[in-house]
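In the working numbering, the protein residues as written are 334 to 449.
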């Protein structure tokens, strides 16, 4: 049979898969990852480590555009990260169900040998 951890995952995912698929929940739960990514972008721009890019950004780009772009990137990363995570859990769930089905079939075949 399956390990206790695998059985626990199947039970947990059956209970939570619909709740975790909602787009608004994916946004709110994934937002810390997106904000961290956006903060890294702002930190990179603010540090001025690449002087030429910093000069161009300061002279030609409106700061509001940068803030909006970072916000859009953060939201995209948040949703994409959670959708990716949901797909990985769903794949693992389906693989474990197939494994469980195959194990049950093997047990049935062993218990009822076919006579020729």
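Beta carbons: idealized from backbone N, C-alpha and C, even for Gly.
Notebook entry, point to check: If residue 399 sits next to residue 367, beta carbons under 8 Å apart, how far is it from one beta carbon to the other, in whole angstroms?
Noted result: Rounded to the nearest angstrom, the Cβ distance from residue 399 to residue 367 is 16 Å, too far for a contact under 8 Å.
Checklist line | Neighbourhood of residue 467 by C-beta, 7 Å cutoff - its chain only, sequence neighbours within 5 removed | finding: The requested residue 467 is not part of the displayed model; the chain covers only 334 to 449.
Check: Can you give the Cα-Cα distance for residue 390 and residue 380, rounded to whole angstroms?
Finding: So the two alpha carbons sit approximately 12 Å from each other.
Check: Is residue 401 closer than 8 Å to residue 371 when the C-beta atoms are compared?
Finding: no
Note to self: Contact defined as beta carbons within less than 8 Å: I believe residue 342 pairs with residue 425. What is the distance between those atoms, to the nearest angstrom?
What the structure shows: About 7 Å; that satisfies the 8 Å criterion.
Next item on the list: With a cut-off of 8 Å on the beta carbons, I'd call residue 419 and residue 353 a contact; round off their distance for me.
Entry: 6 Å
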